Amino acid sequence: MERVPILKIGSILLVSIQVDMSDQTAVQLQEDLAERIVATGAHGVLIDITALDIVDSFVGRMLSTIASISKVLDAETVVVGMRPAVAITLVELGLSLNGIRTALNVERGMELIAAARDDDQDLDEDEDDAGPDGGPATETTASR
Amino acid sequence: MTVGVDLGQPQTQEVRADEDVVRVRQLVRAVAVAVKLSLVDQTKLVTAASELARNTLVYGGGGTVDVMTADNGRRRGVRIVFADSGPGIADLDLALTDGYTTGGGLGLGLSGARRLVDEFEIDTAAGQGTRITVTKWSR
Ligand SMILES: Nc1ncnc2c1ncn2[C@@H]1O[C@H](COP(=O)(O)OP(=O)(O)OP(=O)(O)O)[C@@H](O)[C@H]1O
Ligand SMILES: [Mg+2]
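Take a look at the structure:
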């Protein structure tokens, strides 16, 4: 069975899926990622699917599961590089990529992870002042 | 990836294991390219084939997938037949409902695949196996 490599760049794990994955390979990737998040303390996972010419219900579910697992392990997942034809097909298939953040390319994905991290830290600082827009909270003037 | 395909006759892929589903995707892609389906239509057809081949493996206990070209006088297309001699589907309407699954999936394979192709025929009954024929035409 082929295995998808996971690279660590700073505090982010980068997965660039280059092969047409068998279901087993997809499940293995899910497990490998969970382990690597914990082992490295990564706070972001970037999954580059530029090379994937289809995403079916199995791979779609795997992406959602990875997003959920990493959330529990305090890491943000962003999927980048979805092809237009893949996006069109996913919608018609009826698959909603629950809880998955997407970005156009790796660079934007990195920015998204960094921004999500900043938001999280803001929330941690003033837990009871979580505004609905998630914008940077100005000093603790909890007037609502 | 380009697999050389002989368009003259149906290509058969056995579906006995995970990797066979990958092979079905590759075979369908090659024929769809040869018939000159648009990129979006290729993507839809390969995705539908992936769903149906996985069902053949998981629920049908394995089977065969035949991929062939089709011609209706005006347009060319790709026709795929998924056949297994598994338990069959007792309640087809239910199985074709979005979200219905007996296997802990998303229940989108059958209903979604049907939306992704131009023609969808299913021949099944409890204890009789399942045979699904789909066709996608070039525009
Ligand atoms: N070849 C088959 N033989 C027997 N039963 C089948 C077959 N294909 C589908 N079914 C039945 O129809 C149900 C719906 O199939 P469908 O592909 O829509 O969903 P799923 O495979 O359960 O989940 P998903 O494909 O979204 O991961 C299955 O759960 C199964 O009970
Ligand atoms: Mg299915």
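Going line by line, the protein sequences match chains D and L. Its first residue numbered 1, the first sequence is counted upward by one per residue in UniProt numbering. Its first residue numbered 1, the second sequence is counted upward by one per residue in UniProt numbering. For every residue, glycine included, the Cβ atom is placed at its ideal position computed from N, Cα and C. Quick caveat, the model's predicted, so the values are computed rather than measured.
Using the C-alpha atoms, what's the distance from residue 62 (chain L) back to residue 42 (chain L)? 24 Å
Neighbourhood of residue 53 (chain D) by C-beta distance below 6 Å, restricted to the same chain and skipping five residues each side: none
Looking at C-alpha atoms only, which residue of L:52, L:95, L:86 and L:75 is the closest neighbour of residue 22 (chain L)? L:52
According to a CB-to-CB cut-off of less than 7 Å, which residues of the UniProt domain "STAS" (2–113) of chain D neighbour chain L? Taking 7 Å as the Cβ-Cβ cut-off against chain L, the residues of the UniProt domain "STAS" (2–113) of chain D that qualify are 20, 22, 23, 24, 53, 54, 56, 57, 58, 61, 85, 86, 88, 89, 92, 93, 94 and 95.
Counting pairs of beta carbons, one from the segment 63–79 of chain L and one from the segment 77–88 of chain D, are three or more of them closer than 8 Å? Contact fails: fewer than three Cβ-Cβ distances are below 8 Å.
To the nearest angstrom, how far is it from the Cα of residue 33 (chain L) to the Cα of residue 5 (chain D)? 29 Å
List the DSSP bridge partners of residue 11 (chain L). L:67
Closest Cβ-Cβ distance between residue 21 (chain L) and chain D: below 9 Å? So yes, residue 21 (chain L) belongs to the interface.
Give a single yes or no on whether residue 116 (chain L) has its beta carbon closer than 8 Å to a heavy atom of ligand 1. No - ligand 1 has no heavy atom lying nearer than 8 Å to the Cβ of residue 116 (chain L).
Helix, strand or coil for residue 61 (chain L), going by three-state DSSP, please let me know. coil
How far does the beta strand (DSSP E) with residue 11 (chain D) in it extend, from its first residue to its last? Residue 11 (chain D) -> no beta strand (DSSP E), and no H or E assigned at all.
Three-state secondary structure (DSSP) of residue 2 (chain D): coil
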